[in-house]
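K.L.:
For reference, the structure I am asking about is given below.
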Amino acid sequence: MHPRTAPDYLAGYPPDLAAQVRKLIEEDRLGDLLLKKYPQTHAVRSDRALYDYVQALKDEFLRNAGQLSKVAYDSKLHVIQHALGTHTRVSRVQGGKLKAKCEIRVAAVFRDMPPEFLRMIVVHELAHIREREHDKAFYQLCRHMEPDYHQLEFDLRAYLCHLDTTGRPLWRAAADTPKP
Numbered sequence: 001m002h003p004r005t006a007p008d009y010l011a012g013y014p015p016d017l018a019a020q021v022r023k024l025i026e027e028d029r030l031g032d033l034l035l036k037k038y039p040q041t042h043a044v045r046s047d048r049a050l051y052d053y054v055q056a057l058k059d060e061f062l063r064n065a066g067q068l069s070k071v072a073y074d075s076k077l078h079v080i081q082h083a084l085g086t087h088t089r090v091s092r093v094q095g096g097k098l099k100a101k102c103e104i105r106v107a108a109v110f111r112d113m114p115p116e117f118l119r120m121i122v123v124h125e126l127a128h129i130r131e132r133e134h135d136k137a138f139y140q141l142c143r144h145m146e147p148d149y150h151q152l153e154f155d156l157r158a159y160l161c162h163l164d165t166t167g168r169p170l171w172r173a174a175a176d177t178p179k180p
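Residue 116 in the UniProt record's numbering sits at position 116 of the sequence shown; the count goes up by one each step and never skips.
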């Protein structure tokens, strides 16, 4: 069995940009920069709250896309598939009708992240309801739902590099944060 290698979250970005992120991590400065830019975690803690959050975004941007049958945080997602979110579409025959179920799962690591990062991953998974491939139309839809999509994705990928390298999460759940 081969040992798993950590995913290269910055693959596809220009090498000089990835080198800048790695240098900030080596100098232990990336965490401070991200905390300054994204100081707070979101309040979407439960699967029910996540469902309501995703449904509200879907209703705003993808009204005709059909109903979501399940939305949940998934603690196994990041470890197994090196994915941050997944979308599945299952079709079943019930009686004489074909029923389609659409599920979105978000990696549990997003429970303790800034609201901007949660929105970015939810927008990404919602875009897959309409566009299956990561093509031009997919990213146009992502930018329609979240104009800062590309910057948020880059910042999230930089944070994931920080987390893989240092093992130190930057944000904690509101209940875990000491009160001044």
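All C-beta atoms in this analysis are idealised placements derived from N, C-alpha and C, irrespective of residue type, glycine included.
Does DSSP put residue 58 in a helix, in a strand, or in coil?
P.N.:
In this structure, residue 58 counts as helix in the three-state DSSP scheme.
K.L.:
I want to check one thing, is the minimum distance from the CB of residue 120 to the heavy atoms of the ligand FAD below 7 Å?
P.N.:
As for the ligand FAD, it is missing from this structure, which has no ligand bound.
K.L.:
If you drop the 5 nearest sequence neighbours on each side, which residues of the same chain put their C-beta closer than 8 Å to that of residue 19?
P.N.:
none
K.L.:
If we count the other Cβ atoms within 10 Å of its Cβ and call it buried at 16 or more, is residue 155 buried or exposed?
P.N.:
buried
K.L.:
Just reading off the beta strand (DSSP E) that residue 123 is part of, what are its end residues?
P.N.:
It is not in any beta strand (DSSP E) - residue 123 instead sits in the alpha helix (DSSP H) that spans 115-130.
K.L.:
Report the rounded CA-to-CA distance for residue 162 versus residue 77, giving the unit in angstroms.
P.N.:
Each residue's alpha carbon lies about 19 Å from the other.
K.L.:
Throw me the rounded Cβ distance for the residue 44 and residue 71 pair, which I believe falls under 8 Å.
P.N.:
Not really, about 10 Å apart at Cβ, beyond 8 Å.
K.L.:
Taking the continuous beta strand (DSSP E) assigned at residue 21, which residues delimit it?
P.N.:
First-last for residue 21: 15-26, but that is the alpha helix (DSSP H), not the beta strand (DSSP E).
K.L.:
How far does the alpha helix (DSSP H) with residue 155 in it extend, from its first residue to its last?
P.N.:
149-166
K.L.:
For residue 108, which residues in the same chain have their Cβ closer than 8 Å to its Cβ, ignoring the five residues on either side in sequence?
P.N.:
73, 74, 75, 77, 78
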